[in-house]
């Protein structure tokens, strides 16, 4: 579903990512301390690498659909106008978040991957696809609680609106092959991200797996 709806949390503005966000996203994705925890694991070396990534995420025709937001810090706590439609003033992009459909880790194309269940979640099926949450923030805003606030409000938006809209876009029959909940994967050593997930109501780790390159990962899930 693109573009996804704009919304706010107490301190943040969530807007659909557009080509105009290229420079801002490059200033986040070119940081080794950010990208070490990502699937890519390496920082973008130039603007063209970031452009390729951005274009892929915001292009139409994804099946199933995906959402991708840029996150900005609100500059004013004043309420919107009487119509409720005014967008508050906000600063530069400080992060990026999205939800997309992905296979469970055991179903991904990684011949070296091994996995095991941590046995702490409700019954689930690793053979089904999952709605997966991802996020990154600029190091300059780490430690301010923005990631926790953003994950909390995006997960609420997902269960309240986005999930139904995205699911409806690819048919009722396809939903039979989608695992319940909102899922998130972190590097085993990324304790900060795991704390964010636990604070915002995710359970886990519910699964663990090792990627083909030896990276240990843990899986968390949140149910409505």
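Numbering (UniProt numbering), first residue to last: 1 to 224.
Even glycine gets a Cβ: it sits at the ideal position worked out from N, Cα and C.
Checklist entry - What separation, rounded to the nearest whole angstrom, lies between the Cα atoms of residue 18 and residue 207? => result 34 Å
Item to check | Best match in 144, 181, 52 for proximity to residue 158 [C-alpha to C-alpha] | outcome: 181
Checklist entry - Quick one, which of 65, 89, 96, 32 has its alpha-carbon nearest residue 10's? => result 89
Item to check | Minimum Cβ-Cβ distance from residue 160 to chain D less than 8 Å | outcome: Judged by its chain identifiers, the structure shown contains no chain D, having just a single protein chain.
Next on the checklist: Between the segment 44-53 and the segment 134-154, can you find at least three pairs of beta-carbon atoms closer than 8 Å?
Outcome noted: no
Checklist entry - What are the start and end residues of each continuous beta strand (DSSP E) run of 3 or more residues lying completely inside the segment 150-219, in chain order? => result 178-187, 203-210
Checklist entry - Which residues in the same chain as residue 42 place their Cβ atom closer than 7 Å to its Cβ, once the five residues preceding and following it in sequence are excluded? => result 35
Next on the checklist: Helix, strand or coil for residue 222? Go by DSSP, reduced to three states.
Outcome noted: strand
Checklist entry - Excluding the five sequence neighbours on either side, which residues of its own chain have a C-beta within less than 6 Å of the C-beta of residue 225, listed in chain order? => result Because the chain is modelled from 1 through 224, residue 225 falls outside the range shown and cannot be assessed.
Item to check | CA-to-CA distance, residue 75 to residue 40, given in whole angstroms | outcome: 32 Å
Checklist entry - So, helix, strand or coil for residue 54, using DSSP? => result helix
Checklist entry - For residue 47, which three-state DSSP category applies? => result helix
Next on the checklist: Once DSSP output is grouped into helix, strand and coil, what is the label at residue 89?
Outcome noted: coil
Item to check | Whole-Å CB distance - residue 150 paired with residue 95, under 8 Å assumed | outcome: 7 Å
Checklist entry - What do you get for residue 155, buried or exposed, if any count of 16 or more other CB atoms within 10 angstroms of its CB means buried? => result buried
Checklist entry - So residue 219 packs on residue 103, CB below 8 Å; how close in whole Å? => result Rounded, the Cβ-Cβ distance is 12 Å, inconsistent with contact.
Next on the checklist: In this structure, how does DSSP classify residue 29 when only helix, strand and coil are distinguished?
Outcome noted: helix
Checklist entry - Expressed to the nearest angstrom, what Euclidean distance is found between the alpha-carbon atoms of residue 101 and residue 177? => result 11 Å
Item to check | Proximity of residue 44 and residue 29 at Cβ, strictly below 8 Å | outcome: yes
Item to check | residue 93 versus residue 37 - alpha carbon distance | outcome: 20 Å
Checklist entry - With DSSP run on the structure shown, which of helix, strand or coil describes residue 104? => result coil
Checklist entry - Straight-line CA distance for residue 210 to residue 217? => result 6 Å
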